[in-house]
Amino acid sequence: MTARFSRAAEAVLRDAGWTPGRDVSTATAEAIRRTEQRVGAGGARLRSFAAAVAALNEFGGLAVVPKEPGVDHVPQPFAFDPLLAPVCAETLADVATVLGVPLYPLGVEGDLAALLAIDERGRVFSIDYTGEWFLGATTDAAIETLVTGRRPPRLRDDGTWPDPAGTDEPPGRSAR
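Under this note's numbering, think of the first position of the sequence shown as 1, with each following residue one higher.
Put into structure tokens, the structure is as follows:
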């Protein structure tokens, strides 16, 4: 076990094919190229950035199936593959406007029920038909949230979210 992940998170990541130092940069480059070729309504397109590339280089192609019952809810399977995400440029642009930073698709959660997205600061979000959710300040933290079934805070209309520690101070937004 590494000190990087909880025992439960590391176990399901390893079951999915992850190992420390994993690098699928060739496959990531192709997935990003194909994702960026998609054109949304009105001509909207996605552009990758360093945080998205880094996350996909390590976790791209993994389909993770949590095994534990979950702390707050039953965790759903999730996959790191931007090509599984529906054409989502408009949705991500709308959320990015509220957050003040660009977003890029990382993959999906559940039975394609939610879009996993990362911002250029490395923060990860889940976007579904009910709203937008802050999963973690890093990909590792987001994986822990997804695997453990902890309820993530919902984004407010101003792009902030309640601090999971309970102080109701948002953990921060990027400067615009």
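Quick reminder that beta carbons are idealized off the backbone N, C-alpha and C, glycines included. All of these numbers come straight from a predicted model, not from anything done at the bench.
> For the beta strand (DSSP E) that contains D119, what are its first and last residues?
Replying inline: Counting along the chain, D119 sits inside the beta strand (DSSP E) bounded by residues 114 to 119.
> Curious, which full-length alpha helix (DSSP H) runs of at least 4 residues does the stretch 26 to 75 contain?
Replying inline: Within the stretch 26 to 75, the complete alpha helix (DSSP H) runs of at least 4 residues fall at 50 to 59.
> Straight-line CA distance for P162 to V64?
Replying inline: If you take the alpha carbons of P162 and V64, they lie about 27 Å apart.
>> Quick test of your reading: E36 and S48, contact by CB under 8 Å. State the CB separation rounded to the nearest angstrom.
In response: Yes, they are in contact, since the Cβ atoms of E36 and S48 sit about 7 Å apart, within 8 Å.
> From W18 to V12, what does the alpha carbon distance come to, in whole angstroms?
Replying inline: Counting only the Cα atoms, V12 lies some 9 Å from W18.
> Taking the continuous beta strand (DSSP E) assigned at V87, which residues delimit it?
Replying inline: Element bounds for V87: n/a, residue is neither H nor E.
>> For G194, which residues in the same chain have their Cβ closer than 6 Å to its Cβ, ignoring the five residues on either side in sequence?
In response: Summary: the structure shown does not reach residue 194, with the chain confined to residues 1 through 176, and so no result is reported for it.
> Using the C-alpha atoms, what's the distance from T145 back to P152?
Replying inline: Take the alpha-carbon of P152 and the one of T145: they are about 7 Å apart.
> How big is the Cα-Cα spacing for S174 and R121?
Replying inline: For S174, the predicted model reports a pLDDT of 42, less than 50, meaning its position is unreliable and no value from the coordinates is stated.
> For A8 and chain D, any beta-carbon pair shorter than 8 Å?
Replying inline: Chain labels in this structure do not include chain D; a single protein chain is all it has.
> In whole angstroms, what separates the C-alpha of A50 from that of T139?
Replying inline: C-alpha of A50 to C-alpha of T139: approximately 13 Å in a straight line.
> Just checking my contact of G110 with Q76 at CB under 8 Å: how many whole Å lie between their CB atoms?
Replying inline: The Cβ separation is near 4 Å, so the contact holds.
> What do you get for P66, buried or exposed, if any count of 16 or more other CB atoms within 10 angstroms of its CB means buried?
Replying inline: So P66 ends up on the buried side.
> In whole angstroms, what separates the C-alpha of R150 from that of T130?
Replying inline: A direct Cα-Cα distance of roughly 17 Å separates R150 from T130.
>> For A141, report the span of its alpha helix (DSSP H) as first-last.
In response: 139 to 148 is the extent of the alpha helix (DSSP H) around A141.
>> Let's test the definition: count the other Cβ atoms within 10 Å of the Cβ of R33 and tell me whether it reaches 16, buried, or not, exposed.
In response: R33 is exposed by the Cβ-count criterion.
> I think F154 touches W133, with their Cβ atoms under 8 Å apart; what is that distance to the nearest whole Å?
Replying inline: It is Arg, not Phe, that sits at residue 154 in the sequence shown. Yes, R154 and W133 are in contact; Cβ-Cβ is about 6 Å, under 8 Å.
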